[in-house]
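First comes the structure, then the notes that go with it.
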Amino acid sequence: MVDFSVSEEHKALIDTARRFTKERIIPIAAECDQKSYFPMDVFLEGWNIGLVNPTCPAEYGGPGMGELENALLAEELSYGCTGIQTSFLANGLALTPIKLAGSEEQKKKYLGMLNAEPIMASYCTSEPDAGSDVAGLKTRFTKHGDDYVLNGQKCWITNASFARFYVIFATSNPELRHKGIAAFIVDRDTPGLRVGKKEDKLGQRASDTAQVFLDDVKVPKQNLLAPEGQGFKLAMETFNQTRPDIGAAATGLMRRCVDECVAYAKERKAFGQPIGNHQLVQWMLAEMAIRVEGTRLLYQKAAWNLDHGVRDPIVSSFAKAYGADSAMLTAVDAVQVFGGNGYVKEYPVEKMMRDAKVLQIYEGTSQIQRIVIARQLLS
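Under UniProt numbering, the final residue of the sequence shown carries the number 379; numbering is consecutive throughout.
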């Protein structure tokens with residue numbers, strides 16, 4: 001049974017993240033969005049107070065928090081800016097497969113590296129022709145003696161411009177699909193690895209997103225993370241662990257929408273009274289609040305399951321699909337509540353509408369989540 005009480009430790013964590021968001025993220029979010037700029041100084045401050053790499057095990061220098069604490073952080077950071085939150089939590093996406101499948105040597109080196117200094121890492125599955133269809137990736141690896149050589153292209157990679165190392169999924173033969181996939185840890189300074197152009201995105205413009213090119217990249221055998229045939233399973237298990245965070249991010253964004261709309265509805269007048277007195281506006285606000293609470297319950301249940309060893313991937317997909325779709329609906333409604341003012345950059349809701357859209361796309365589209373859910377129901 002899920003315990004919904006909040007421990008004193010959780011309260012302190014939430015308070016720290018909420019204060020950091022209010023003081024350091026909200027004041028700069030609009031400028032970062034307009035300039036498509038990630039504030040590295042804010043990342044450094046967040047790292048210093050324990051808001052980065054929260055799930056990294058304590059034995060490798062990390063905070064050793066659970067998935068629930070991680071998701072609580074995601075909600076608070078996303079309240080300020082979903083793009084900045086995405087870059088903050090992307091390290092978690094990269095460290096999770098190492099935590100799940102890495103050798104002791106790999107864990108000591110790479111998890112230790114993340115906690116020794118404020119660096120970033122990237123997780124690389126997506127390609128120009130393979131997004132949600134991870135089994136369809138075309139980046140190739142070939143074995144050369146005891147080592148491996150990688151060739152291919154990755155795209156939509158969060159923090160690629162800044163990453164010190166990359167967790168890269170590749171196949172021995174695209175025709176083998178999931179049976180041919182392996183995973184590797186590749187250092188940034190490896191010859192042949194090149195970071196491409198930074199993407200000019202619709203939303204979450206404050207997060208860094210770029211391409212990664214691999215041209216005869218030689219990877220030593222000790223950096224093989226998952227052997228051929230095991231890489232796909234590792235990628236799916238990683239997403240199962242991180243998808244609750246998308247629900248949490250959606251919750252934070254929706255909370256901000258509700259707060260902005262409630263404040264605006266009390267002040268903005270139409271037909272001689274505050275618009276909050278009109279039943280249709282009240283109905284929209286109520287629907288927003290319902291989505292916030294529903295998504296929070298789902299992401300917290302999914303995170304609780306992971307922390308307690310309950311293997312139930314369908315709940316992670318519930319949290320991701322419902323949260324992402326709810327965030328998009330809520331952000332669109334927020335713009336509608338603001339009317340014409342919601343369509344200009346002077347007010348924050350237009351940014352939140354743009355930021356919300358990618359929640360339905362990355363880490364498995366809303367349609368893919370429904371396929372996962374249906375397969376679980378029918379199995």
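Glycine residues also receive a C-beta, built at the ideal position from the N, C-alpha and C atoms.
- Cα atoms of V281 and E23: separation of roughly 30 angstroms, rounded to the nearest angstrom.
- L225: member of the beta strand (DSSP E) spanning 224 to 226, first to last residue.
- Distances from the alpha-carbon of T190 to those of T16, N151, L73, G50 put N151 closest.
- For R140, DSSP records a beta bridge to N151, T171.
- Within the stretch 57 to 111, the runs of alpha helix (DSSP H) at least 4 residues long that lie entirely inside it are, in chain order, 67 to 80, 82 to 101.
- Nearest neighbour of A116 by Cα position, chosen from D259, V149, W156, L44, turns out to be L44.
- Using a Cβ-Cβ distance cut-off of 8 angstroms, the stretch 125 to 139 and the stretch 193 to 208 are not in contact, since fewer than three pairs of beta carbons, one from each stretch, lie closer than that value.
- DSSP places F184 in the uninterrupted beta strand (DSSP E) bounded by 181 to 187.
- Under the 10 Å beta carbon count, V167 is surrounded by 16 or more other beta carbons and is classified as buried.
- The beta carbons of R243 and K320 sit about 4 angstroms from each other, so the pair counts as a contact at 8 angstroms.
- Looking at the DSSP output, C124 sits in a beta bridge with I168.
- The C-alpha of M40 lies about 31 angstroms from the C-alpha of A302.
- Classified as buried, S78 has 16 or more neighbouring CB atoms from the shown chains inside 10 Å of its CB.
- By the neighbour-count criterion, in which 16 or more other beta carbons inside 10 Å mark a residue as buried, W304 falls on the buried side.
- A direct Cα-Cα distance of roughly 7 angstroms separates A248 from L72.
- Counting of Cβ neighbours within 10 angstroms places R311 among the exposed residues, the total staying below 16.
- Of L297, C81, F184, the smallest CA-CA separation from T21 is found for C81.
- Counting along the chain, the unbroken beta strand (DSSP E) around R194 starts and ends at 193 to 198.
- Taking C-beta atoms as the reference points, A265 and G272 fail to come closer than 8 angstroms.
- Ranked by Cα distance from Y362, the first of W156, R296, V212 is W156.
- Collapsing the DSSP output to three states places F162 in coil.
- Beta-bridge pairing by DSSP links P274 to K269.
- W283 is classed as exposed because its beta carbon has fewer than 16 other beta carbons within 10 Å across all chains shown.
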